[in-house]
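Protein chains in written order, with the numbering used here: chain A, 174 to 713; chain B, 9 to 202.
Written below as structure tokens is the structure these notes are about.
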Amino acid sequence: MNEVVLLGAEAIAQGAIDGGMSGVYAYPGTPSTEITEYIQRNSGARKEGIHSEWSANEKTAMESAIGMSYAGKRAMVCMKHVGLNVAADPFINSAITGAGGGLIVVVADDPSMHSSQNEQDSRFYGDFALLPILEPADQQEAYDMAYNGFSLSEKVGLPVLMRITTRLSHSRSRVLRMKNIAENELKLPDDKKKFILLPSIARERYKLLLNLQDDLTELSENAAYNTLKDGNDRSLGIIACGISHNYLMENYPEGIPHPVLKIGQYPVPVKKIKEITSSCKEILVLEEGYPILEKSLLGLLNNSPVPIRGRLDGSLPRDGELNSDLVRKALGMEVHNGPEIPEIMVNRPPALCKGCGHIDIYHSLIEALTDFGEGRTFADIGCYTLGALPPYNAINTCVDMGASITMAKGAADAGLVPSVAVIGDSTFTHSGMTGLLDAVIENSPITIIISDNETTGMTGGQVSSAVGRIEGICLGIGVEESHLKIVTPLKKNHDENVQVILNELNYHGISVIIARRECIQTASKRKRIEVETKSLSTKS
Amino acid sequence: MGMKKSNIILSGVGGQGILTIAGIIGMATLKEKLYFKQSEVHGMSQRGGAVQSNFRIADTPVASDLVPLGQADLILSVEPLETLRYLPFLNKNGWLVCNSSPFINVPDYPELEKILNTIAEWPNHLIIDADKIAKDLGNRRGSNMVILGAASQYICLDFESLESGISAIFERKGDAVVQQNLLALRAGRDAALK
Chain A
174 MNEVVLLGAE AIAQGAIDGG MSGVYAYPGT PSTEITEYIQ RNSGARKEGI HSEWSANEKT
234 AMESAIGMSY AGKRAMVCMK HVGLNVAADP FINSAITGAG GGLIVVVADD PSMHSSQNEQ
294 DSRFYGDFAL LPILEPADQQ EAYDMAYNGF SLSEKVGLPV LMRITTRLSH SRSRVLRMKN
354 IAENELKLPD DKKKFILLPS IARERYKLLL NLQDDLTELS ENAAYNTLKD GNDRSLGIIA
414 CGISHNYLME NYPEGIPHPV LKIGQYPVPV KKIKEITSSC KEILVLEEGY PILEKSLLGL
474 LNNSPVPIRG RLDGSLPRDG ELNSDLVRKA LGMEVHNGPE IPEIMVNRPP ALCKGCGHID
534 IYHSLIEALT DFGEGRTFAD IGCYTLGALP PYNAINTCVD MGASITMAKG AADAGLVPSV
594 AVIGDSTFTH SGMTGLLDAV IENSPITIII SDNETTGMTG GQVSSAVGRI EGICLGIGVE
654 ESHLKIVTPL KKNHDENVQV ILNELNYHGI SVIIARRECI QTASKRKRIE VETKSLSTKS
Chain B
9 MGMKKSNIIL SGVGGQGILT IAGIIGMATL KEKLYFKQSE VHGMSQRGGA VQSNFRIADT
69 PVASDLVPLG QADLILSVEP LETLRYLPFL NKNGWLVCNS SPFINVPDYP ELEKILNTIA
129 EWPNHLIIDA DKIAKDLGNR RGSNMVILGA ASQYICLDFE SLESGISAIF ERKGDAVVQQ
189 NLLALRAGRD AALK
């Protein structure tokens, strides 16, 4: 065994590599990006030829992973929580088809919305799909669960959902590695029809899935990740899911006097829950995200034999990430506040980088729109969403990946003409292309600005599927060549760019303006690497 | 209870090199075979926003990835205003070690003198002009190493471990870069001892 230092995200990656994975599929999204990035730069993974290229979106990633699992090999698919909305169709159906080779779906939730538009809890999806869920408490468990998750998946014949949150994904600690497991051989499913979800087959498959549920619960009862530790003080019992167990233990450095049920594998171990609820006067439920377990313990009729405390009764906040201080308060202990933040403190929100091309195109767009009136700019998800903040105040909406084009179309259908969509290159190929087809078919009077920085910028500069393909895609979908414009967003081109935008705003039909300039972060990283490589090569 | 323990909050603005400091402390911690957890910020906030990293070291296993309120032994900040953002986490004997050179990217950035005076109100403080020290060494990007050197006396690790941490982190960039950063680390320590 050897010891390494890894982020939670990297621990999952290493666990999967060591656990015999043949491929990872993913679209970047904080806080999940680092899993795939680690596999991409890992020399062991490269040597074994483990697939790790980015997918166009989470749905294509999920489907590719199902395909690899169909072929008998171990596959992993990674995404952020809202990515699972995009991949929900294949994800839910993958529970009906079942898995061939081990299939792990890693979803990174973002409670407190550090880098997201909601804080949905992916355990809901796992329960919805009737799949087993793994939820690690620390980096070692993250490694172990990825390593062992494939064999769990193969044993039950189902994909396994692995849920982490931002804090674990982006926290580093020591991890012990296990020995490398060889990849599976190519092998077709024994049941040649199980992946054909025709109603007649799906009905049978669904019954099999339902019949498996008791077995899954039984597995959870005996799982190493679900432990019930007794305690002498039974005035309170605590059920702690995933990382919240750390926040509990932080408050008991000398050991905890209360019984504690730690949960890391779902469906929840019902017998163990009965055991702790029947032996304690009161139960405190600690879970990151939504009060899912708490709600099910309470039941619709609130008929729990003992009081259940947690996020619903106000012991803990209903929203936001947990921490050891919030848990401490719920335990009735005093919180040790340090000095207050002085009055002179000001906020320092994230901002577009100085010299960023998004800034220049926003300045031109704002000027071009002056005479048309406000409220016409439908934006999307990426660095350019920061155009919502002062001094730009340049956009009016940001809902989900790709929504800029389709929302602009809907608003134009309603009579808001012209309407403008602002979308990044990577977001365009993720989910903008299909909406563009809708708009082309009706020749909707909208102007689409693809602010193309030739990378997936917000998540740290991953390769964008759009590079070199945008014009071809737009023309192929049916945008007229005379209304497909390419501009360079630079200060010196401002007046010229304003004119291009104005012309297209005045055209009653669909236009696409590609504002193309490489992300300055990606550019400087690329130059730095070039310099380093050059200096190393001159030395040797 | 353990004998060796440091709860550290590293603070600054996205892109100022906090994660490099964290990486070096991490290597040093590993060398001394101590337990640690280090959380950091990725994603949206990295774009010029306030960023922090929590670093917890102990000779017994560390539970929470985050430093609890009032438990930080050290706030090490590469930017003056950012020193104050995490004060509620400082324990009553904790140290503030910070760079005096501001990073001004918001229109309402407070007067620098007021910030430095507020920091100086806390008894255990150390304000270092790390940018100038780094510049004098001909290593403009080394001010994060200067601050780490200045704060080293308040971290439960041997100075030599931090030095070997630098060697490990910068190794692939060549010996010259390693030496430059070692110089910056030592200059920070010496400035703090003056």
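The C-beta atom is built at its ideal place from N, Cα and C for all residues, glycine as well.
task: Note down, in chain order, each residue of its chain lying with its Cβ closer than 6 angstroms to the Cβ of B:Asp-139, except the 5 sequence neighbours on either side.
output: Listed in chain order, the non-local C-beta contacts of B:Asp-139 below 6 angstroms within the same chain comprise Ser-109 and Ser-151, local neighbours out to five positions each way being set aside.
field: Same chain, Cβ closer than 6 angstroms to A:Ala-186, neighbours up to 5 away in sequence not counted
entry: Taken in chain order, the residues that qualify are Ile-208, Tyr-211 and Ile-212.
field: Extent of the continuous alpha helix (DSSP H) run through A:Lys-220
entry: For A:Lys-220, the enclosing alpha helix (DSSP H) stretches over residues 216-220.
- prompt: Nearest to A:Pro-426 by CA position, among B:Ala-58, B:Leu-165 and B:Ala-66, is which residue?
  reply: Nearest of B:Ala-58, B:Leu-165 and B:Ala-66 to A:Pro-426, Cα basis: B:Ala-66.
message: Against A:Met-606, what residues of chain B qualify as contacts under a CB-to-CB distance less than 8 angstroms, listed in chain order?
response: Those within 8 angstroms of A:Met-606 in chain B number zero; the least Cβ separation is about 25 angstroms.
task: Tell me, please, whether the CB atom of A:Leu-559 is closer than 8 angstroms to any CB atom in chain B?
output: Interface residue, yes.
- prompt: Roughly how many angstroms separate the alpha carbons of B:Leu-120 and A:Gly-437, rounded to a whole number?
  reply: So the alpha carbons of these two residues sit roughly 48 angstroms apart.
query: For A:Glu-314, which residues from the same chain have a beta carbon less than 7 angstroms from its beta carbon, with the 5 sequence-adjacent residues on both sides left out?
result: Close CB contacts of A:Glu-314 within its chain, under the 7 angstroms cut and outside five residues either way in sequence, are with Tyr-398 and Gly-437 (chain order).
message: For the beta strand (DSSP E) containing B:Leu-84, name the first residue and the last one.
response: It spans 80-85 - the beta strand (DSSP E) in which B:Leu-84 sits, taken as one unbroken run.
query: From this set, A:Ile-683, A:Val-660 and A:Tyr-379, which residue's C-alpha is nearest A:Ala-581's C-alpha?
result: For the set A:Ile-683, A:Val-660 and A:Tyr-379, the Cα lying nearest the Cα of A:Ala-581 is the one of A:Ile-683.
message: Assuming A:Ser-205 is part of the beta strand (DSSP E), what are its boundary residues?
response: Neither: A:Ser-205 is in no beta strand (DSSP E) and is coded neither H nor E.
message: Rounded to the nearest angstrom, what separates A:Leu-678 and A:Ala-587 at their Cα positions?
response: Per the coordinates, the alpha-carbon of A:Leu-678 lies some 17 angstroms from the alpha-carbon of A:Ala-587.
Whole-angstrom C-beta distance between A:Leu-334 and A:Asn-266, which should lie under 8 angstroms: The distance from the Cβ of A:Asn-266 to that of A:Leu-334 is about 14 angstroms, inconsistent with a contact at the 8 angstroms cut-off.
query: Which residues share a DSSP beta bridge with A:His-667?
result: Partner(s): none; A:His-667 has no beta bridge.
- prompt: Shortest alpha-carbon distance to A:Glu-358 belongs to which of A:Tyr-198, A:Ser-242 and A:Ala-184?
  reply: Nearest option by C-alpha distance: A:Ser-242.
task: For A:Leu-235, I'd like the list of residues in its chain whose CB is within less than 6 angstroms of its CB, leaving aside the five on either flank, ordered along the chain.
output: Before going further, note that residue 235 of chain A is Met rather than Leu in the sequence given. So the list reads Val-250, Ala-260, Pro-263 and Phe-264, once near-sequence residues are dropped.
field: Cβ of A:Tyr-439 within 8 angstroms of any chain B Cβ
entry: It does not; no Cβ of chain B falls within 8 angstroms.
query: Who are the Cβ neighbours of A:Ile-614 in its own chain at under 7 angstroms, not counting the five residues just before and after it?
result: Within the same chain, no residue comes within 7 angstroms of A:Ile-614 by CB-CB distance, once the 5 residues on both sides are set aside.
query: Would you report the Cα separation of A:Val-178 and A:Leu-257, rounded to the nearest angstrom?
result: Each residue's Cα considered, the two are about 29 angstroms apart.
Environment of A:Ser-713 [buried if 16+ CB atoms lie within 10 Å]: Low local confidence applies: a pLDDT of 48 at A:Ser-713 is under 50, so the model's placement there is unreliable, and no value is given.
message: On a Cα-Cα basis, can you pick out the residue from A:Asn-676, A:Glu-183, A:Asp-294 and A:Pro-564 that is closest to A:Leu-465?
response: Reading off the sequence shown, one finds Ile at residue 465 of chain A, where the question assumed Leu. Checked all of A:Asn-676, A:Glu-183, A:Asp-294 and A:Pro-564; the closest Cα to A:Ile-465 is A:Asp-294.
message: For a cutoff of 8 angstroms on Cβ pairs, would you count B:Asn-99 as touching chain A?
response: For B:Asn-99, the nearest CB of chain A lies under 8 angstroms from its own CB, placing it at the interface with that chain.
task: Quick one: measure Cβ to Cβ for A:His-531 and A:Cys-556, integer angstroms, because I've assumed they're closer than 8 angstroms.
output: The C-beta distance from A:His-531 to A:Cys-556 rounds to 6 angstroms, short enough to fall under 8 angstroms.
query: Given 8 angstroms as the limit, is there contact between the segment 156-171 of chain B and the segment 63-83 of chain B, that is, 3 or more CB pairs closer than that?
result: Short answer: they touch.
query: If you draw a straight line from the C-alpha of B:Met-35 to the C-alpha of A:Lys-468, how long is it?
result: The alpha-carbon of B:Met-35 is positioned some 43 angstroms away from that of A:Lys-468.
field: A:Gly-192 to A:Val-279 span [Cα, whole Å]
entry: C-alpha separation (whole angstroms): 15 angstroms.
query: Between the Cα of A:Lys-328 and the Cα atoms of A:Ser-638, A:Leu-657, A:Leu-392 and A:Ile-621, which residue gives the shortest distance?
result: Per the Cα distances, A:Leu-392.
message: Quick test of your reading: B:Asn-15 and B:Val-75, contact by CB under 8 angstroms. State the CB separation rounded to the nearest angstrom.
response: Confirmed, about 5 angstroms.
query: Taking the Cβ atom as the reference point for each residue, do A:Lys-445 and A:Leu-434 lie within a distance shorter than 8 angstroms?
result: The Cβ-Cβ distance between A:Lys-445 and A:Leu-434 falls below 8 angstroms.
message: Considering Cα atoms alone, identify which of A:Asp-598, A:Gly-634, A:Ser-617 and A:Leu-610 is closest to A:Ala-688.
response: With respect to the C-alpha of A:Ala-688, the residue from A:Asp-598, A:Gly-634, A:Ser-617 and A:Leu-610 having the closest C-alpha is A:Asp-598.
message: Quick check on A:Ser-216: buried or exposed, where buried means 16 or more other Cβ atoms within 10 Å of its Cβ?
response: With fewer than 16 other CB atoms across the displayed protein chains lying within 10 angstroms of its CB, A:Ser-216 is exposed.
field: Closer than 8 angstroms to chain B by CB, A:Tyr-200
entry: No, because no Cβ of chain B sits closer than 8 angstroms to the Cβ of A:Tyr-200.
message: With H, G and I counted as helix, E and B as strand and the rest as coil, what does DSSP make of A:Phe-368?
response: Three-state DSSP puts A:Phe-368 in coil, outside helix and strand.
Residue of A:His-224, A:Glu-377, A:Lys-527 and A:His-681 minimising C-alpha distance to A:Ala-585: Residue A:His-681 is the option with its Cα nearest to A:Ala-585.
message: Taking CB distances under 8 angstroms as the criterion, tell me whether B:Ser-72 reaches chain A.
response: Yes, contact with chain A.
message: If we define contact as Cβ-Cβ less than 8 angstroms, is A:Asn-496 a contact residue for chain B?
response: True, the Cβ-Cβ gap to chain B drops below 8 angstroms.
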